[in-house]
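What follows is a single structure, written as structure tokens, with notes after it.
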Amino acid sequence: MSDASYLSLEKLTLAYGDTVAVADLDLDIRKGELIALLGPSGCGKTTTMRAIAGLLPVKSGHVRLDGADMTWVPANKRAVGLVFQSYALFPHLSVYENVAFGLKLKGMRGADLDAKVQAGLKSVGLSSFANRKPAELSGGQQQRVALARSMVMEPKVLLLDEPLSNLDARLRLEMRTELQRVQKETGVTMIFVTHDQAEALALADRIVVMKGGAIEQIGSPEDIYNRPVSSFVADFVGFENIFPLEGGRLRTSGGLIELSGEAPSAAGLAWRPRMVTLGTGPFRGTVRGTSFAGDSREYLLDTSLGPIKAEVEAGLSAHPLGADLLFDLPAEKAALLSKFS
Amino acid sequence: MNARSLFIPITLVLVLGFLIGPFLIIVAASFSAGETLNFPPQGFSLRWIAKVFTVESFQASFAMSLFLAIGGTAAALVLGIPASYALSRYKLPGAEIVRTVVSAPIIVPGIIVGLALLRYIVVPFQVGITLALFVAHTALVLPYAVRVVSASLDNLRSDIEEAAVLLGSSRLGAFFRVVMPNIRGGIMSAFILGFVTSFNQVPVSLFLSGPGVRTLPVDMIAYMEIVFDPSVAALSSLLAFLSIGIVFAAERFLGFSRYV
């Protein structure tokens, strides 16, 4: 086992009945990494996570963890923790008993058990809630119990299913910090599943973007945000002006268009709204819609290239609806897409 | 007050009268001092209540009814809990058919069930009376067991079992550690409902009862055919108060009505 493949998925194929959900997936994860599986619903991210946990049988391929083949090891022998989206706390047990559940199954008793449970509760700041039932806790507190319940087991990998999606904005930030702290303090390898790109960008060391049961791109948050490799990823992370490239020209709904600068070689180009130059340039558009977003102002333009979204600093003078504007799609700013779908 | 505003109160009184009236008459008749079952009662005495405890056949049939109610309901739960679990957790082919078949004893008149059991099971296979009654009561209670237990399983998230497994429990262990404790109320409710259903069951038991082996309600009918004294009314009252007591306790401690 090399350091780069503490957890590795090899040609992993997963299916529900005859419906293949994930096909030939290869992924290597380093020890102590914080990985986000990012994608829209149905992309196979949750399925992949369940297979890592052992909750879903593998159709073909392998799951290796810490040098051992886990493919057919039952879920209760894998040392993989999972924090469910619904938290899945045991409603009949107190917070203390929830955290103690797995430790007791390991045969831990008495003072050892108590010390471990107390430490677990303390680490998530819930020591004073030990005797409450899950139903008496807020969503954020329940999630922390679920986190403590998994972490006291000292799992080799901790999986989190949409860890922030059920929390309100303030708790989200708190939980983000909490997860990063737990990860730093324990060095546990963490994989979390999310459909929210902002969540993935903020939290992960590396992001795995999935689409239709396959990996679309793997990269650092900076890579994914600035250098999407495909039109799918570009669209997912907020590039709104995406065009295929044909012989150095953009294929648009208005035909093939010559770019102002020298066209790079790629399958397509993508610009975020704020990468569009407004006021000068070879193209012309009419303002169809405008919205004020505090720091910036967004314009929707009707152009010969089709609809274009542009964003400029709010301090600049506002253009009214119906105004004719010059604009440019600067080739040097565009993200180069090697795959266009 | 006009006729319109009187309609609802009068209806209410009539409905309640019909529901509770016979019960009140029976209770009153059990305290009669007279020799025959009569209403209004003649005088007041506890002699018929006392007599209930001296009739030997009542003791035997009460024991039989108790055995069938407890044993049959327990057996129905042993069969019904796994069945409910399978029906509520897995997408099984033919699940709807199973659900319907399991509910059949509620829908099919007891007299038909009794006749069918007698004609096609008990007589041809020479099944003992006690065993036949036990099987019949188990089958009669099964629909209630499946229904009530299913309802509480449907209210329980299934991911807690996966959580238990990931914490080191086996699948079966997860069922006993996190599913059973959370459906305990449903199981208790099913037990009480099944017990009362079995205990009050007449038509099926009527067909299957044989010499010396009877359930209490069947025995009461037999007794009345010979002796028409108020002891049957006294026994009925005792049973009614027992049932009310059980249901009241169940509602008080388990929130019985949530499951039924």
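Chains as they are written, first to last, in my numbering: chain A, 89 to 429; chain B, 907 to 1166.
The C-beta atom is built at its ideal place from N, Cα and C for all residues, glycine as well.
Taking CB distances under 8 Å as the criterion, tell me whether residue i reaches chain B.
i: LYS397/A; result: no
i: LEU102/A; result: no
i: LEU95/A; result: no
i: LYS244/A; result: no
i: PHE280/A; result: no
i: MET89/A; result: Any reading at MET89/A must be qualified, since the residue scores a pLDDT of 47, below 50, and its modelled position is unreliable; the value itself is stated next. Cβ-Cβ to chain B under 8 Å: no for MET89/A.
i: MET139/A; result: The sequence as given places Ala at residue 139/A; Met does not occur at that position. So no, ALA139/A is outside the interface.
i: SER174/A; result: yes
i: VAL168/A; result: yes
i: LEU153/A; result: no
i: LYS194/A; result: yes
i: GLY190/A; result: yes
i: ALA163/A; result: yes
i: MET158/A; result: no
i: LEU143/A; result: yes
i: ARG220/A; result: no
i: MET241/A; result: yes
i: GLY283/A; result: As written in the sequence, residue 283/A is His, which differs from the Gly given in the question. No, its Cβ sits nowhere closer than 8 Å to a Cβ of chain B.
i: PRO179/A; result: yes
Beta-carbon within less than 7 Å of residue i's beta-carbon, same chain only, minus the 5 sequence neighbours each way: which residues are those?
i: PHE1105/B; result: SER971, ALA975
i: ALA466/A; result: Lying outside 89 to 429, the shown extent of chain A, residue 466/A is not represented and no answer is given.
i: ALA982/B; result: THR1044, VAL1047, LEU1048, ALA1051, GLY1100
i: LEU920/B; result: none
i: LYS421/A; result: TRP359, MET363
i: GLU304/A; result: VAL297, MET298, SER318, PHE320, VAL321
i: PHE950/B; result: PHE937, ALA939
Who are the near neighbours of residue i in its chain, counting only those whose CB is closer than 8 Å to its CB and skipping five residues on each side?
i: ALA141/A; result: ALA163, ARG166, VAL168, LEU170, LEU247
i: GLY1151/B; result: none
i: SER429/A; result: SER318, SER319, PHE320
i: SER308/A; result: ASP293, ARG294, ILE295
i: MET89/A; result: In this predicted model, MET89/A has a pLDDT of only 47, less than 50, meaning its place in the structure is not dependable; the value taken from the coordinates is given anyway. Excluding positions up to five away in sequence, the list reads ARG152, ASP154, GLY155.
Of all Cβ atoms in chain A, is any one closer than 8 Å to the Cβ of residue i?
i: ALA1069/B; result: yes
i: LEU998/B; result: no
i: ASN1088/B; result: yes
i: GLY1074/B; result: yes
i: LEU1148/B; result: no
i: ASP1065/B; result: yes
i: VAL1084/B; result: yes
Rank the options by C-alpha distance to the C-alpha of residue i and give the top, closest one.
i: THR1036/B; options: ARG1063/B, ASP1125/B, VAL1119/B; result: VAL1119/B
i: ALA1070/B; options: SER216/A, GLY335/A, PHE178/A, PRO370/A; result: PHE178/A
i: SER174/A; options: PHE415/A, GLU250/A, TYR184/A, GLY367/A; result: GLU250/A
i: TYR94/A; options: GLY132/A, LEU125/A, LEU153/A, ILE312/A; result: LEU153/A
i: VAL1085/B; options: LEU1073/B, MET1094/B, VAL1102/B, ILE1066/B; result: ILE1066/B
i: LEU952/B; options: ALA966/B, ALA935/B, PHE968/B; result: ALA935/B
i: GLU346/A; options: ASP116/A, GLN268/A, MET263/A, LEU417/A; result: LEU417/A
i: VAL159/A; options: GLN206/A, GLY127/A, THR101/A; result: Residue identity check: residue 159/A is Thr in the sequence provided, not Val. Comparing Cα-Cα distances from THR159/A to each of GLN206/A, GLY127/A, THR101/A, the minimum goes to THR101/A.
i: ILE1093/B; options: PRO915/B, SER1056/B, GLU1131/B, ALA966/B; result: SER1056/B
i: ALA1042/B; options: ARG1053/B, GLY1079/B, LEU1145/B, LEU1024/B; result: LEU1024/B
i: VAL1098/B; options: ALA1080/B, GLU1157/B, VAL1108/B; result: This sequence places Ile at residue 1098/B; Val is not what is there. With distances taken between Cα atoms, ILE1098/B lies closest to GLU1157/B.
i: MET388/A; options: VAL375/A, PHE380/A, GLY382/A, ALA381/A; result: Reading off the sequence shown, one finds Leu at residue 388/A, where the question assumed Met. The candidate whose alpha carbon is nearest that of LEU388/A is VAL375/A.
i: LEU1021/B; options: SER1111/B, ARG1090/B, ALA939/B; result: SER1111/B
i: SER967/B; options: VAL1028/B, GLY923/B, LEU1039/B; result: LEU1039/B
i: ASP256/A; options: PRO243/A, GLU242/A, GLU287/A, GLY275/A; result: GLU287/A
If the cut is a Cβ gap below 9 Å, which residues of chain C does residue i touch?
i: GLY132/A; result: No chain C appears in the structure shown, which is made up of the protein chains A and B.
Please name the residue or residues paired with residue i in a DSSP beta bridge.
i: VAL296/A; result: LEU125/A, ILE306/A
i: THR101/A; result: SER148/A
i: TYR387/A; result: THR378/A, ALA398/A
i: GLU334/A; result: ARG337/A
i: TRP359/A; result: ASN329/A
i: LYS957/B; result: BP columns for LYS957/B are empty, so no partner.
i: ILE345/A; result: LEU338/A
i: ARG910/B; result: ARG910/B pairs with nothing; no bridge assigned.
i: LYS427/A; result: SER318/A
i: ALA207/A; result: Note: ALA207/A sits in no beta bridge, so no partner.
i: VAL168/A; result: VAL245/A
i: ALA156/A; result: LEU153/A
Kindly list the residues whose CB is nearer than 6 Å to the CB of residue i, restricted to its own chain and excluding five residues on each side of it in sequence; keep chain order.
i: ARG237/A; result: ASN186, VAL187
Let me check you understand the geometry: is the CB of residue i closer than 7 Å to at least one non-hydrogen atom of the ligand SAM?
i: MET278/A; result: Within the structure as shown, the ligand SAM is missing, as the structure has no ligands at all.
Could you check whether the region 1137–1147 of chain B touches the region 985–993 of chain B, counting it as contact only if at least three pairs of C-beta atoms, one from each stretch, sit closer than 8 Å? Short answer: they don't touch.
Is the number of C-beta pairs between the region 358–373 of chain A and the region 397–404 of chain A that are closer than 8 Å three or more? yes
How do the region 225–239 of chain A and the region 262–271 of chain A stand: do at least 3 beta-carbon pairs fall below 8 Å, yes or no? yes
Does the region 210–230 of chain A come close enough to the region 1105–1117 of chain B that 3 or more CB-CB pairs lie under 8 Å? no
Could you say if the region 1073–1082 of chain B and the region 1012–1021 of chain B meet the contact criterion of at least three C-beta pairs nearer than 8 Å? no
Report yes or no: do three or more beta-carbon pairs, one from the region 276–283 of chain A and one from the region 122–137 of chain A, lie closer than 8 Å? yes
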